[in-house]
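In my numbering, the protein residues as written are 4 to 83.
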Amino acid sequence: MSPNGFTGDTVNQLTNELSKFKTKIMLKYQGTTTIANSSLGVMSLGVPADATVQISVDGTPDDLQTVVDALVAGKFVTTL
4 MSPNGFTGDT
14 VNQLTNELSK
24 FKTKIMLKYQ
34 GTTTIANSSL
44 GVMSLGVPAD
54 ATVQISVDGT
64 PDDLQTVVDA
74 LVAGKFVTTL
């Protein structure tokens, strides 16, 4: 992630990566939830650097693990 949080480039990379999955992926930050493959929705969260974002997947635990692995590999998250 950018040191400035979810910037335009970071959001585009994130949504492109998460759009590869068939399962519905949601991101939640400070009480606001959005679908993760929507650039506008993710930008509207206003996530700063080093923030905690909740990830939910409408699928199996294996689906969630696959998504988390992709987020870590893409350096979108650093800790879980």
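Heads up, the beta-carbon is just placed ideally off N, CA and C, and yes, glycines get one too.
Same chain, Cβ closer than 6 Å to residue i, neighbours up to 5 away in sequence not counted
{"i": "K31", "result": "Q57"}
{"i": "V75", "result": "none"}
{"i": "N40", "result": "T18, L21 and S22"}
Under the three-state DSSP convention, the category residue i falls into
{"i": "Q68", "result": "helix"}
{"i": "L30", "result": "strand"}
{"i": "D61", "result": "strand"}
{"i": "T18", "result": "helix"}
Expected contact under 8 Å - CB spacing of residue i and residue j to nearest Å
{"i": "E20", "j": "G77", "result": "5 Å"}
{"i": "T26", "j": "D66", "result": "5 Å"}
{"i": "F9", "j": "V50", "result": "4 Å"}
Contacting residues, own chain, Cβ-Cβ under 7 Å from residue i (five flanking each side not counted)
{"i": "S42", "result": "V14, N15 and T18"}
{"i": "G44", "result": "T37 and I38"}
8 Å Cβ shell around residue i - same chain, five flanking residues per side excluded
{"i": "V70", "result": "L21, F24, T26, I28, I58 and V60"}
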